[in-house]
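This report concerns only the one structure given below.
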Amino acid sequence: MEPDTQTYTCAMVPPAPVTLDRREGPFGEVVLRERGEHFEIIANGCFLMDTSDGRSERLLIDAALGALPAGRTGPSVLIGGLGVGFSLVRAAEEERWGRIVVVEREQAIVDWHRQGPLDRISGAALADPRTEVVRTDLVVHLRTATERYDALCLDIDNGPDWTVTEDNGSLYSPTGLAHCHDRLTPGGVLAVWSAQPSPAFEQALRNAGFSGVRTEEVTVARGVPDVVHLASRGH
Numbered sequence: 000m001e002p003d004t005q006t007y008t009c010a011m012v013p014p015a016p017v018t019l020d021r022r023e024g025p026f027g028e029v030v031l032r033e034r035g036e037h038f039e040i041i042a043n044g045c046f047l048m049d050t051s052d053g054r055s056e057r058l059l060i061d062a063a064l065g066a067l068p069a070g071r072t073g074p075s076v077l078i079g080g081l082g083v084g085f086s087l088v089r090a091a092e093e094e095r096w097g098r099i100v101v102v103e104r105e106q107a108i109v110d111w112h113r114q115g116p117l118d119r120i121s122g123a124a125l126a127d128p129r130t131e132v133v134r135t136d137l138v139v140h141l142r143t144a145t146e147r148y149d150a151l152c153l154d155i156d157n158g159p160d161w162t163v164t165e166d167n168g169s170l171y172s173p174t175g176l177a178h179c180h181d182r183l184t185p186g187g188v189l190a191v192w193s194a195q196p197s198p199a200f201e202q203a204l205r206n207a208g209f210s211g212v213r214t215e216e217v218t219v220a221r222g223v224p225d226v227v228h229l230a231s232r233g234h
């Protein structure tokens with residue numbers, strides 16, 4: 000018996016997204032959508048991230064911790080961007096981290112985690128006594144803060160070459176990277192998530208005075224690997 004081609008084709012069609020919340024903020028529109036079992040965050044019409052995988056967001060945290068000098072006790076980490084919460088959850092799962100600071104500029108995203116559907120992902124991590132959420136723009140925070148961190152784990156765009164808003168581009172500029180360098184303790188690690196490798200960004204990190212510049216890849220279904228760019232501040 001021949002298979003019912005029409006029925007099979009329909010079964011393979013992914014579910015249509017359902018909009019759960021849509022808000023207009025100071026940086027544009029942010030949307031939370033549900034697609035089947037997964038959630039998606041859309042910023043200004045640009046797909047930002049979803050909950051379908053999360054391996055590269057976890058690598059962002061693990062790679063930064065692994066690159067720190069041996070013997071560092073209770074290192075602090077700043078996570079740039081709360082997103083769908085995978086990076087925060089991974090940091091909270093690791094007992095070696097000391098203070099965990101999350102910088103998120105969108106109140107809507109914070110609300111989705113604290114009182115909304117994303118609470119099922121990040122609720123325990125947000126309740127961890129080591130965790131603090133700072134509701135501000137990451138670029139501004141890096142420029143104006145005085146505190147130093149042992150690791151900066153940044154995931155606010157689809158990468159250095161594909162920013163969500165135009166202002167974010169300054170983060171990857173020589174001035175922005177200088178601010179990142181200043182916010183790190185000696186031997187501290189900068190980790191930047193990207194949807195694709197960027198040799199130009201690797202060179203920009205070297206030009207900004209970082210050492211140990213390298214890129215770790217995570218294979219994804221679409222073909223081009225997600226990556227985490229890593230660099231260290233000298234002692």
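Numbering (numbering that gives the first Met the number 0), first residue to last: 0 to 234.
C-beta: ideal position from N, C-alpha, C; glycine also.
In this text the structure is predicted, and so the values were computed from the model without any measurement.
DSSP-derived helix/strand/coil call for residue i
i      : result
Arg129 : coil
Thr143 : helix
Asp52  : coil
Leu64  : helix
Ile120 : helix
His112 : helix
Ala107 : helix
Ala90  : helix
Leu77  : strand
Asp160 : coil
Val226 : strand
Val138 : helix
Sequence-distant residues of its chain with Cβ nearer than 8 Å to residue i (five each side left out)
i      : result
Arg182 : Leu77, Leu141, Ala144, Glu146, Arg147, Tyr148, Leu151
Val133 : Val100, Val101, Val102, Glu103, His140
Ala91  : Ile99, Ala123, Ala124, Asp127, Arg129, Thr130
Arg34  : Pro13, Pro14, Ala15, Pro16, Val17, Asp49
Gly211 : Ala66, Leu229, Ala230, Ser231
Asp160 : Ser193, Gln195, Ser197, Ala199, Phe200
Arg113 : Leu125
Leu204 : Leu176, Leu189, Val212, His228, Ala230
Contact set for residue i: own chain, Cβ-Cβ below 7 Å, skip 5 residues either direction
i      : result
Asp154 : Glu56, Leu59, Gly79, Gly80, Gly82, Ser86, Trp192
Ala177 : Ala207
Thr162 : Asp156, Gly168
Leu117 : Phe38, Val83, Gly84, Trp111
CB-CB length for residue i against residue j, believed under 8 Å
i      : j      : result
Ala66  : Ser197 : So it is not a contact: roughly 18 Å between Cβ atoms.
Asp239 : Arg98  : A query on residue 239 cannot be resolved here, the shown segment of the chain reaching from 0 to 234 and no further.
Val188 : Ala63  : 5 Å
Asp20  : Trp111 : 7 Å
Ile108 : Val30  : Not quite, the Cβ-Cβ distance comes to about 11 Å (not below 8 Å), so this is no contact.
Gln106 : Gly24  : 7 Å
Cβ-based neighbour list, residue i, same chain, cut-off 6 Å, excluding 5 preceding and 5 following
i      : result
Gly175 : Ser169
Val226 : Ser193, Pro196, Thr214, Glu216
Ile120 : Gly84
Thr184 : Arg147, Asp149
Thr8   : Reliability fails at Thr8, whose pLDDT of 44 lies under 50, so the model's placement of it is uncertain and the value that follows must be treated cautiously. Within the same chain, Thr8 has no close Cβ partners at all.
Arg54  : Val217
Gly27  : Asn43
Gly73  : Gly97
Gly186 : Pro68, His234
Arg22  : Val29, Ala107
Decide yes or no for the touch test of the region 76–84 against the region 31–49: beta carbon pairs closer than 8 Å, at least 3 of them. yes
Pairs of beta-carbons, one from the region 90–103 and one from the region 126–141, closer than 8 Å: are there three or more? yes
What ranges does the alpha helix (DSSP H) occupy inside the region 164–220, keeping only unbroken runs of at least 4 residues that lie completely in it? Taking only runs of at least 4 residues, the alpha helix (DSSP H) segments lying wholly in the region 164–220 are 173–181, 198–206.
Which residue spans inside the region 13–58 form an unbroken beta strand (DSSP E) run of at least 3? 17–24, 27–34, 37–42, 45–49
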